[in-house]
Amino acid sequence: MKTRLLRESTFAPLLGIFFLLPLMPILLWAFADRWTYPGRTPQHWGVRGISQFFDDGGIGSVVKSLLISVAVAALAVPLSSAAASSLIHSKSRASRLVEAILFSPTVIPPFVLVMGLSPWVIRFGIPPTLAVVITLVVLALPYSTFMMRSAYARYDPRWEEEARLLGATRFGAVVRVRLPIMTRAFIAAAILAFLIGWTDYIVTLVIGGGQVITLPLLAASSSSAPGNDSVLAVMSIISIAIPLLALALIRRSDSTLKNEVLSL
Amino acid sequence: MKIAAEVRNLKYEYWPQKMTNPIDIDHLSVLAGETLVLFGPSGAGKTTILRLIAGLLTAKSGSITVGSQDVTGVPPHLRNIGLVFQEPLLFPFNSVIDNVGFAARIRGESRSKARRSALEFLQLVGLADLAQRDVRTLSGGQTQRVSLARSLAARPVVLLLDEPFSALDLDTRSEMQELLIRLREHLRLTMILVTHDQREAAILADCVVLISKGKVLQKGKFEDLYSKPCDHNVHRMMGGKNEVTGFTREGYFHSDLGIMSVPPGSNRDGPAVLLVRQESVLVASATPLVSREGSFLGRVVENRLIGARAEIVAKVHDTFIRAEVAQSNAPRVGDEVLLHIPLDSRWTVSLASATKAHENSNQSYSLVGEAI
Amino acid sequence: MIDRKLRGAAPAALLVLTVAGAGIAWTFLGSFGLVKDFGKPEFTTSYYSAVFPAALRATVLSLSLTSISTVIAATTGVIAAFVLQERFRANRFLSAAITMTVPVPHLIAALAIDLLLGDAGWLARLFNAPPGAWPQFVAGRWWLAVILEYSWKESAFITFVVLATLPYNALHLQAISKTLGASPLSRLKKVFIPLAAPGLIAASGLSFIYMVSSYEVSWLLGRTYPEPLSMLAFRLFSSTDLAVRPQALAASIVALIVSLLAASMTILMLRNRRFA
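Residue numbers (the numbering used here), protein chains in the order written: chain A, 1 to 264; chain B, 1001 to 1372; chain C, 2001 to 2276.
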């Protein structure tokens, strides 16, 4: 109805502004060469923040972040997929236990975990980046398993049986039949795992032992020094932009994703 | 008699653009205490019209009146209508009685008061003993009854029903139709019901509106749509199968079937199509003393069982006539038979409208004939 | 005994068991002095007693911050989900805004809030606040910036989860309620929220635990005293005096207990409800 549309459509933009407001100053600061108080907009626009970003090793940190996040997604998706498909069909007491184990990382504060893990990492001499990836995979598994589980609940295993009857091997059936059908779910789980890796701070800080510098860590160290607002804003924009870009590319390639839950 | 609800110049287009015809209704009205049936094939737009009346969709233009209130542009919760959907969908987080009492709680009544009046409505539909049940344990018929009680408990001016019984088996469906008739009398209900089931329309309707492709084809009593269809499409939608082309002149219809008079009220002179219900065609074995007006000889080319009766197709010169006969003395294929169409079963419409309707429809004209 | 079908879950479960088990075991045992980075392991509760007063204050602070933020986030989140469930054109802006919020790391979000609400922040400039007159959102007595950051990020998360777990017939049920006389507000209260409840409770529970564990936000936007549980634990952990490290482990175990309590409460609240 006209009146209802009116009410809900005024609400929506207001809420939208609430959600976007904190991002506004970042946009302004990113291109501000000089912005002293109490100016409402920068007195001087420029790209000093951007060049400082490159000087400070920004690109390296972005690459590191990407590497770690992609690795987390690459490991979490197959692990959670196998777990979810076997859990969905099993109702035994053992499966409840397995479920509890898989979802337990959600109730463990990451700093609790990493304080206890870093001695092991040091003792066993595990390369810091690898240790970070593995820890993040463990933290991501509950979320990707959850996504995969709801997808498998709607999946009919008879598709794969049919493929086997037509001559495919077990692995072949997974690749030729399950993968295409479950693509959307795989992508959703991959995105979640990627984000967990991309946004992490404490795990990378502690387990990485100061040697793994991802974008959030670079930002954190820059924030303790004054006058870095501009470069921090640039880092912030990159932090937000890269996942969004990935999301946009994925949506573009699969237009049916538009109607999926992930695209709100 | 008061008009309970009225619709004028209602126009609506689907968004996003689907391959369906937009809604374009000149005028529809239902009198207080009356049951209006919207009848027609799937996809005709009947559900859309109901949703427009309920306010769940916004019309592009036109006016809707419910009771004495102009409800155009008014949100659904203020329109005083009730809507029983085809899929009843009871609230899963409420028990049966709380479902029925939902409207009362919305109005601000206390839980106990709402439950008391809900119980009355549950008694009306015969389910008072299921009041505390979890809705997930109900059968299809029970769910639909609770849904009915729930909508009635909101005390609407007009109750809209969208194919409410089509998902139920035949027995349950008859039970529900009888329940509706009883409720209608008891509560003096005004209803607009959508169905594609001809029997249901015949049983429940005071007035039938035939909808096709978003437009009204014909309005009136069921018998009128049945035996006096305004064109070839209406005739087909009501299940009529005989269409004979020819022309009328001075009250007589000329065709392959000979010359026969047509009742007053049929079309004027000119090219015409004779529409005859297959149940009205009388069949007897051929005798030489023929020559009554409206009688003609034909040869049976097909004989098909349809339940307890049989449908035969007889070839008369270049025309095919279908007739429904009792199974026991049905003629066999190849027999020559005498067919007679009584006067009051003859109805002609002008060919222009028939041709236009024919061009617009996708059905082929004489299916059996082509096959042979 | 073990279901053959569970074989697929074995790698994932074993990984979690090993990693989480090793981490928690060390933290737990270390808090009692039973394992040490250096020196002789010896059972003691001295670390707990040493850290107890600070941990108590920290727990109270953490719980207050987190509870308030969760309430705000849940309210905003469920309203946003309610508005977003139908595909009106007006919703595209809101849905884009929420989509942009979700991938923002908390660290960056905290920076953003600082730039927005700080003394020299953008809002202060827009309102022409004379120096010193702008309320202390950041590092203020009421930890307002922290609460706002948590509420901001977590409400996006909650909206996302609610929309994902809404039953498939939610819109249909709401259409029915409209024909029964429900205004939009009644619809929200009496139909949408009951339907959204499982997802809402689960997401709020997850958010609560996340906020209790979060370090970077309090670090950037909060005060040094009093300090929430995560900061207490981390400060002790990074202290140059290594002997103090087991106290950090003790504080961490306290945090773990708080988390477990929150998780149990969430599970209890979810007990009689079903996900679609």
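Here a beta-carbon is modelled for each residue, glycine too, at the ideal position from N, C-alpha and C. Quick caveat: nothing in here was measured; it's all calculated off a predicted structure.
1. Express the C-alpha separation of L2229 of chain C and S2239 of chain C in angstroms, rounding to a whole number.
2. Taking G57 of chain A as the reference, give the member of A:L232, A:L244 and A:A74 with the closest Cα.
3. Output the distance between the C-alpha atoms of I1023 of chain B and H1232 of chain B, rounded to the nearest integer angstrom.
4. Output the boundary residues of the beta strand (DSSP E) element that contains M1191 of chain B.
5. Below 9 Å between beta carbons is the criterion; list the residues of the segment 1131-1163 of chain B that meet it against any residue of chain C, in chain order.
6. Just checking M115 of chain A against the ligand FMN - is the residue's beta carbon closer than 7 Å to any of the ligand's heavy atoms?
7. If we ignore side chains and look at the alpha-carbon of each, how far apart do D1162 of chain B and T1048 of chain B end up?
8. Using a Cβ-Cβ cut-off of less than 9 Å, list which residues of the segment 1073-1103 of chain B approach chain C; keep chain order.
9. Is there a C-beta anywhere in chain B that falls below 8 Å from the one on A2175 of chain C?
10. Rounded C-beta distance between T214 of chain A and S118 of chain A? I'm assuming under 8 Å.
11. Below 8 Å CB to CB, which residues in the same chain sit around V1209 of chain B once its five sequence neighbours on both sides are set aside?
12. Apart from the five residues on each side of it in sequence, which residues of its chain come closer than 7 Å, Cβ to Cβ, to A2010 of chain C?
13. Does DSSP classify N1303 of chain B as helix, strand or coil?
14. Please tell me whether S1227 of chain B and R1277 of chain B are closer than 8 Å, where the distance is taken between their beta carbons.
15. Which of the three DSSP states is assigned to T1065 of chain B in this structure?
16. Could you confirm whether any beta carbon from chain B is found closer than 8 Å to the beta carbon of P2103 of chain C?
17. In chain order, what residues of the same chain have a beta carbon less than 6 Å from the beta carbon of G2199 of chain C, not counting five sequence neighbours either side?
18. From the DSSP output, read off the bridge partner residues of P13 of chain A.
19. Taking the CB atoms as reference points, tell me whether M115 of chain A and A2248 of chain C lie closer together than 8 Å.
20. Thinking C-beta only, is T1248 of chain B closer than 8 Å to N1267 of chain B?
21. Would a C-beta distance cut-off of 8 Å place V1157 of chain B and A1054 of chain B closer than the cut-off?
22. Out of C:N2091, C:I2257, C:L2111 and C:T2070, which has the shortest C-alpha to C-alpha gap to F237 of chain A?
23. Could you pull the DSSP bridge partners for G1220 of chain B from this structure?
24. Is R1249 of chain B helix, strand or coil by DSSP?
25. Tell me, please, whether the CB atom of L1056 of chain B is closer than 8 Å to any CB atom in chain C?
26. Check the Cβ-Cβ distances between A2182 of chain C and every residue of chain B, and say whether any is below 8 Å.
27. Output yes or no for whether 8 Å exceeds the beta carbon distance between Y143 of chain A and A84 of chain A.
28. Note down, in chain order, each residue of its chain lying with its Cβ closer than 8 Å to the Cβ of G1126 of chain B, except the 5 sequence neighbours on either side.
29. What do you get for A2243 of chain C, buried or exposed, if any count of 16 or more other CB atoms within 10 angstroms of its CB means buried?
30. Going by CA-CA distance only, name the one from A:A225, A:D229 and A:T199 that's closest to T2101 of chain C.
31. Closer than 8 Å, CB to CB, is S2186 of chain C near chain B or not?
32. Please report the Cβ distance between I2147 of chain C and S2069 of chain C, rounded to the nearest whole angstrom; I am assuming they are in contact, meaning their Cβ atoms lie under 8 Å.
33. How many Å lie between D2241 of chain C and P110 of chain A at the Cα?
34. With a 10 Å radius around its C-beta and 16 neighbouring C-beta atoms as the bar for buried, classify E99 of chain A as buried or exposed.
35. Note down, in chain order, every chain C residue with its Cβ under 7 Å from the Cβ of F11 of chain A.
36. Check whether the Cβ atoms of G16 of chain A and A2097 of chain C lie closer than 8 Å to each other.
Answer, in terms of the structure:
1. 15 Å
2. A:L232
3. 21 Å
4. Here the beta strand (DSSP E) through M1191 of chain B covers M1191 to T1195.
5. S1147, R1150, S1151, A1153, A1154, P1156 and L1160
6. As presented, the structure is devoid of all ligands, the ligand FMN included, so that no description of it is given.
7. Approximately 10 Å, taken between the alpha carbons.
8. P1075, P1076, H1077, L1078, R1079, N1080, I1081, G1082, L1083, V1084, F1085, E1087, P1088, L1089, L1090, F1091, P1092, F1093, N1094, F1102 and A1103
9. yes
10. Beta-carbon to beta-carbon, T214 of chain A and S118 of chain A are separated by about 17 Å, too far to satisfy the 8 Å threshold.
11. L1028, L1036, V1037, L1038, F1039, V1216, Q1218 and K1219
12. If we look at A2010 of chain C and ignore the five residues flanking it on each side, it has no Cβ neighbours.
13. strand
14. Judged by their CB atoms, S1227 of chain B and R1277 of chain B are nearer to each other than the 8 Å cut-off.
15. Secondary structure of T1065 of chain B (DSSP, three-state): strand.
16. no
17. If we look at G2199 of chain C and ignore the five residues flanking it on each side, its Cβ neighbours are V2161, V2162 and T2165.
18. Answer by DSSP bridge pairing: none, since P13 of chain A is not bridged.
19. yes
20. yes
21. no
22. Strictly speaking, residue 237 of chain A in this sequence is Ile, with Phe absent from that position. I237 of chain A has its Cα closest to that of C:L2111, out of C:N2091, C:I2257, C:L2111 and C:T2070.
23. According to DSSP, which records beta bridges pairwise, G1220 of chain B is partnered with B:V1208.
24. strand
25. yes
26. yes
27. no
28. If we look at G1126 of chain B and ignore the five residues flanking it on each side, its Cβ neighbours are R1145 and L1179.
29. exposed
30. It is A:T199.
31. At least one chain B Cβ lies under 8 Å of S2186 of chain C.
32. Rounded to whole angstroms, the Cβ separation of I2147 of chain C and S2069 of chain C is 5 Å, and the two are in contact under 8 Å.
33. 23 Å
34. Around the beta-carbon of E99 of chain A, 16 or more other beta-carbon atoms lie within 10 Å, marking it buried.
35. V2083
36. yes
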